[in-house]
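In what follows, a single structure is set out as structure tokens and then discussed.
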């Protein structure tokens, strides 16, 4: 019998479980409960609806839906929920995780493979979880001569910056973390932060291949930021606003992609370059410079960078949806909430329960979110598509494309927008509203 | 006191602008070899290929085994082109021992060697695809390779190390329905090759990237002693199957594929055209092959060569592959010298990479049709 993996025995397993339960009970009664009561002795208990909220009462409320729902409803309105869960990071990370799975299956279908298949029984649906667990369990190795504080900070900064980009994106009317008046400028500001992180991390790792990768990333991002900004100026000219919510509302009847297809194409190409996706994945070109600026990252540091880059992918796809595809606008397809539940309550056998506070979310918002997600996932699929079709481009061709062709096209787009504005077709006071 | 250091150990001037990169045995963009590359910014100043990581002493091993025992280990340098590396050995030994090969065996040899050329070239092509960042081109040839491997498995019983050719013919006859099966799969394979053209060779990004990089002129190609697809892509019409036809190649209808450009794109395209030509050869050989007959001449146990020598070469997937066998009245050969195309093509790497951009390094390196294990032998 090997000592590394001893043979499994049910009796031993049950014994270890009982042992665990014993210790949990002992520690809970001797240390946990006394601690709780000591804390409760010193704090002032809140009074809600004329009742003193004791811990026992709080537990009772969780079991009673008519009491819980108002609490959940007020939770939905808090800033914390917005930042952590719905339009913020949780939603973005969920979509990013779905993107990774979709990418792997989608690419596999293109390449006559099956992709992840075994993990999670059904079509490898848990593959991402197992990859994540593997990355977490790996040792983090840092090069001896690395600049350690910056090297540690780089993945966190990367994820944080990507999350900052997510916070500016309105998902449904009123559902946005930061509804700033200069939303588009804020987006540019956040995008401008990525090259700094890349160069910092590549310089801090003190290694040759990351250094070359970092320099390449710097060239690529800086030369593509200019056409990125220029390609969106047309929309700003025609809408007269930088607020992303107002830009979405200006597309109630038509989408900007109809009038500015050139701008949309330029924005899409620069978006691929900013995301370092094939054919613009030069900073991570594995046959030339190992893994580029990611070479020295190991374990969960690499995982964080990957998470950040997929969150960034979602943010850019969402930006494309908002600016060119009309954001959340779309026909009403979500079914209305059944009114009889509000007026008559839910009947379950002999019991009829009336639950105040329903519906939790209104129909408008759910419909908007549905359309937003559909459009964004469509854009994400189009972003994934070139990976199966194109080889990697070379750095000089990339810079040539960025400086000569894309900037020129972006200016053409601006002239088209100006012409439409001065002809009085579009824009404030135009023929088409 | 200054002493003159030997040439390999001389000190060199260190320039702060120049960075030395070890595209070494553990780099994803190298094979079992190391390229010491010096870059000035994005430009390669010098490139020093450093092979020898997988040297196995095949030539010395061949001196301790008799002519038949040499078969399975001589194919080891390039296991996915094993028919073509055994071909010159069998031809040379047949010349030494004076063995006549049956007509049917000659045709089976041609079919097996062309199938094996396709298997090798698909493997090479898939790696060329992933070197350029084209992941679909990595998966497709790897998948289609299985079809041809299945055919070779039906012939020889092994998926990669076939050891199918023996002096005096081939090891065993074809299975009963081999002809129809081979024809069907080769027809399908030709159809797939047309799709490669669409997704890879006519891809605008690929053409933009590889056309005009690493240009090898016609004279340079001859002077540097390159062979095979590298030579033919530089405009030199030299295909050993045409120039020195062995076995039944003179009876078969095919063209040698020549391109004039001499850049990475042409070098990567000639093997592809060769695969299309191989399909033609296989179909033609299947038509002209005698339907029955012996496939192997009986040899005496432990045959002895006279006091003689023989040199034969064939066109392998990587160019001319020659075997020089010397015998001295013993059951073992006195010397077996393998002359491989990979090593000859590697020689022009420093010339081609000098002055190129770093991004062109994988494109030029792998377009040389170089197999490190074969070069080290």
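Protein chains in written order, with my numbering: chain G, 1304 to 1736; chain A, 85 to 461. For every residue, glycine included, the Cβ atom is placed at its ideal position computed from N, Cα and C.
Kindly indicate which three-state DSSP category residue i falls into: helix, strand or coil?
i: residue 454 (chain A); result: coil
i: residue 1526 (chain G); result: helix
i: residue 1601 (chain G); result: coil
i: residue 159 (chain A); result: coil
i: residue 396 (chain A); result: strand
i: residue 421 (chain A); result: strand
i: residue 411 (chain A); result: strand
i: residue 391 (chain A); result: strand
i: residue 1513 (chain G); result: helix
i: residue 1496 (chain G); result: coil
i: residue 359 (chain A); result: helix
i: residue 323 (chain A); result: coil
i: residue 314 (chain A); result: helix
i: residue 384 (chain A); result: coil
i: residue 118 (chain A); result: strand
i: residue 1615 (chain G); result: helix
i: residue 406 (chain A); result: strand
i: residue 123 (chain A); result: strand
i: residue 249 (chain A); result: strand
i: residue 1355 (chain G); result: strand
i: residue 1304 (chain G); result: At residue 1304 (chain G), the pLDDT of 45 sits below 50, so the modelled position is not reliable and the matter cannot be decided from this model.
i: residue 172 (chain A); result: helix
Would residue i pass as a contact of residue j if the rule is Cβ separation under 8 Å?
i: residue 202 (chain A); j: residue 430 (chain A); result: no
i: residue 346 (chain A); j: residue 306 (chain A); result: no
i: residue 1533 (chain G); j: residue 1713 (chain G); result: yes
i: residue 462 (chain A); j: residue 254 (chain A); result: Missing from the structure shown is residue 462 (chain A); chain A here goes from 85 to 461 and no further.
i: residue 1246 (chain G); j: residue 1585 (chain G); result: Nothing about residue 1246 (chain G) can be reported from this structure: the residues present for chain G run from 1304 to 1736 only.
i: residue 147 (chain A); j: residue 435 (chain A); result: no
i: residue 1407 (chain G); j: residue 1419 (chain G); result: yes
i: residue 1505 (chain G); j: residue 1495 (chain G); result: no
i: residue 1343 (chain G); j: residue 1350 (chain G); result: no
Does any C-beta atom of chain A lie closer than 8 Å to the C-beta of residue i?
i: residue 1590 (chain G); result: yes
i: residue 1584 (chain G); result: yes
i: residue 1415 (chain G); result: yes
i: residue 1434 (chain G); result: no
i: residue 1593 (chain G); result: yes
i: residue 1697 (chain G); result: yes
Is there at least one Cβ from chain G nearer than 8 Å to residue i's Cβ?
i: residue 108 (chain A); result: no
i: residue 442 (chain A); result: yes
i: residue 454 (chain A); result: no
i: residue 289 (chain A); result: yes
i: residue 292 (chain A); result: yes
i: residue 219 (chain A); result: yes
i: residue 446 (chain A); result: yes
i: residue 103 (chain A); result: yes
i: residue 231 (chain A); result: no
i: residue 433 (chain A); result: no
i: residue 227 (chain A); result: yes
i: residue 223 (chain A); result: yes
i: residue 215 (chain A); result: yes
I believe residue i touches residue j by the beta-carbon criterion, under 8 Å. Please report the beta-carbon distance rounded to the nearest angstrom.
i: residue 1438 (chain G); j: residue 1500 (chain G); result: At roughly 20 Å, the Cβ-Cβ gap does not stay under 8 Å, so residue 1438 (chain G) and residue 1500 (chain G) are not in contact.
i: residue 138 (chain A); j: residue 457 (chain A); result: 5 Å
i: residue 330 (chain A); j: residue 420 (chain A); result: With 8 Å as the limit, residue 330 (chain A) and residue 420 (chain A) do not qualify as a contact, their Cβ atoms being about 18 Å apart.
i: residue 1484 (chain G); j: residue 1473 (chain G); result: With a Cβ gap of about 13 Å, residue 1484 (chain G) and residue 1473 (chain G) do not count as contacting.
i: residue 1596 (chain G); j: residue 1631 (chain G); result: Actually they are not in contact, since the Cβ atoms of residue 1596 (chain G) and residue 1631 (chain G) sit about 35 Å apart, beyond 8 Å.
i: residue 343 (chain A); j: residue 301 (chain A); result: Between residue 301 (chain A) and residue 343 (chain A) the Cβ distance is about 13 Å, and since that is not below 8 Å, they are no contact.
For residue i, verify whether its CB is less than 7 Å away from any heavy atom of the ligand SAH.
i: residue 1728 (chain G); result: This structure lacks the ligand SAH; in fact it carries no ligand of any kind.
Distance cutoff 8 Å, beta carbons only. Does residue i sit that close to anything in chain B?
i: residue 277 (chain A); result: No chain B appears in this structure, whose protein chains are G and A.
Under 8 Å (Cβ pairs) to chain A, residues found in the region 1654 to 1665 of chain G
none
What residues from the region 1510 to 1533 of chain G come within 7 Å of chain A, judged by C-beta to C-beta, listed N to C?
1511
In the region 1681 to 1695 of chain G, which residues sit with their C-beta less than 8 Å from some C-beta in chain A, listed in chain order?
1690, 1691, 1692, 1693, 1694, 1695
Of all the residues that make up the region 112 to 132 of chain A, which are near chain G by a beta-carbon distance shorter than 7 Å?
112, 113, 126
Can you give me, in chain order, the residues of the region 182 to 209 of chain A that have a beta carbon less than 9 Å from any beta carbon in chain G?
none
Closer than 9 Å, Cβ to any Cβ of chain G: which residues of the region 276 to 287 of chain A, in chain order?
283, 284, 287
Select from the region 1699 to 1720 of chain G all residues with a C-beta closer than 7 Å to any C-beta belonging to chain A, and list them in chain order.
1699, 1700
Near-chain A residues of the region 1555 to 1584 of chain G - C-beta to any C-beta below 7 Å:
1581, 1582, 1584
Please list, in chain order, the residues of the region 416 to 433 of chain A that have any C-beta partner in chain G closer than 7 Å.
none
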